[in-house]
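Have a look at the structure below before the remarks.
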Amino acid sequence: MSSQRGVHNRIHNLRGEQFRHLQNIRGSRSHLSSHNIHTVPSLPLRLLSLTDPSLGLTRQEPESSLQQPKSNSNSNAGESESDGTSFRPPAGPTPPKSWTLNSRKDIRGTTAWRSEALSLILNHLVDSQQLVAPSTSDASARSELPDIPQNPELKPVIPRIPSLSLLCLQIFLNTCTTSEFRDEIVPYIPSHLRKDLIRFTAVHSPLSTARLYALWEPAGHADGEMIVVGPGAVLKDDYFIRSHSGNGSGVKLPGDDGNHELKETEDWDWDAEETDMSLPLHSLILLNTSLSSSTLFSFPPTLTHLALINLATPVPLHRLPNICPLIIILDVSYNSWLGANFGSESQGGLGEPQPPRDPTIKAIVDLGRVDWPRWSHLKVLGFRGNYIPENFARDVNEARWDDIEVVL
């Protein structure tokens, strides 16, 4: 009786060894329990690793071997390699794209790219003297970006050492909730520190929409400046309409009332910390976000610095000269919709301008419709990473004594 039991045990062990051997050859983990593989991909290992072109593990056969006929030993379709590394696709439909790794890395969400994209507009603002050269690690990170043509004349916007006030405000951002930050912290932050905080976080860690709007209260901006960095933040469609309907501008004209009489202002001390003399909005920067046409039509006419960088949707640029005639610095860099190949799969990477395949096809945003002479105050035009149409410089500098500085 004991001999029969020993034979059964030996047969059971041999069957288990054979089963595990076959599973190792097939690269399957179906012999494991569901409790152990609930976080493991269900596809075979060779499909997720060996055949993934992004990992570079596939065997590259020379061209001479491709021209040679296959041997008779591999001609049989029913045979498979015994080492488990067969590159024959498995039976059934192809796996979805979400199961495979993306070999192309999107650099638009990196700190180095945001620093390079914002360098032009921030270096031309009035109070940008506190921006110094980056550290060695930041400079090396910027040099590793292959798709960004870096301009050596522009000073990087990454501070070498953040100020003590920025370090303290960063602690509040990390430890406080949005409601606590809005109700308990923001009322005690002066406008110039709000502006510095938004600039610093726009490069290093962009703020959400709720925190940005909290820092903009009650004037609707931070010391005359607004920076929106997506995709975590977006500018609402009716934002400027609500600001104009409220008392966001801080200026009331005499003709607004029917009696045409000036109201007496409240008495205020000469050493008062806060007075009702807020600056109008003069700088607007949008990066990696979207902008609707209705929002563009409601831009305040006081804007002098405008940056529309890497917007997801096209905007009617030909309407801007009538909406914002006081523009001095305009940056429309890295916008793929400024070419005729917008939305095509054959388009190159970010920072690689693509000329139209057919010269007869007009671009989605026709720059020929822009009334450049109406911008009499325009001095600098950022056009980095965009396709430059023919006679672009001539159209921009038409009817001008001094040429506009076009940054490519």
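Taking UniProt numbering, the leading residue of the sequence shown gets 1, the next gets one more, and so forth.
C-beta: ideal position from N, C-alpha, C; glycine also.
Bear in mind the structure is a predicted one, so any value in this text is a computation, not a measurement.
Asked, Found
"Length of the line joining the Cα atoms of H12 and Q23", "17 angstroms"
"Residue from P325, S205, K236 and V229 with nearest C-alpha to G220", "K236"
"Buried/exposed call for S376, threshold 16 Cβ in 10 Å", "exposed"
"The stretch 290-306 contacting the stretch 205-218, beta-carbon criterion three pairs below 8 angstroms", "no"
"Contact check, H305 vs I161, beta carbons under 8 angstroms", "no"
"beta-carbon R242 near the ligand COA non-hydrogen atom, thresh 7 angstroms", "Within the structure as shown, the ligand COA is missing, as the structure has no ligands at all."
"Status (buried if at least 16 other CB within 10 Å, exposed otherwise) for E17", "exposed"
"Straight-line gap, V116 to L197 (C-alpha atoms, nearest Å)", "Reading off the sequence, residue 116 comes out as Glu, not Val. Cα-Cα distance, rounded: 18 angstroms."
"Closest Cα partner of D238 within the set G232, P187, P300 and S278", "P300"
"As assigned by DSSP and simplified to three states, the class of A399", "coil"
"Contact the stretch 311-327 vs the stretch 365-374: 3+ CB pairs below 8 angstroms", "yes"
"DSSP three-state assignment for E225, whether helix, strand or coil", "strand"
"Spatial distance of T110 from L125 (CA atoms)", "23 angstroms"
"Spatial distance of S191 from A222 (CA atoms)", "6 angstroms"
"Residues near I327 in its chain [Cβ-Cβ closer than 6 angstroms; skip 5 each side]", "L306, W375 and L378"
"Sub-8 angstroms separation of S283 and E225 beta-carbons", "yes"
"Through-space distance from V203 to P389, alpha-carbon basis", "31 angstroms"
"Between the CA atoms of R400 and K195 - distance to the nearest angstrom", "34 angstroms"
"Burial state of A91, where buried means 16 or more other Cβ atoms lie within 10 Å", "exposed"
"Nearest-angstrom Cα separation, counted from P95 out to W216", "47 angstroms"
"DSSP state of A91 mapped onto helix, strand, coil", "coil"
"Residue range of the unbroken beta strand (DSSP E) whose run includes D331", "I329 to D331"
"T201 to P280 span [Cα, whole Å]", "23 angstroms"
"Unbroken alpha helix (DSSP H) run spanning A210, endpoints", "T209 to W216"
"4-residue-minimum alpha helix (DSSP H) runs that sit fully inside the stretch 177-205, ordered along the chain", "191-204"
"Candidates L367, D402, E398 and L408, of which the one nearest G382 by Cα", "L408"
"Among V234, L193 and V186, nearest to P218 - alpha-carbon criterion", "V186"
"Whole-angstrom C-beta distance between P316 and L296, which should lie under 8 angstroms", "7 angstroms"
"Cβ-Cβ distance between N310 and R108 below 8 angstroms", "yes"
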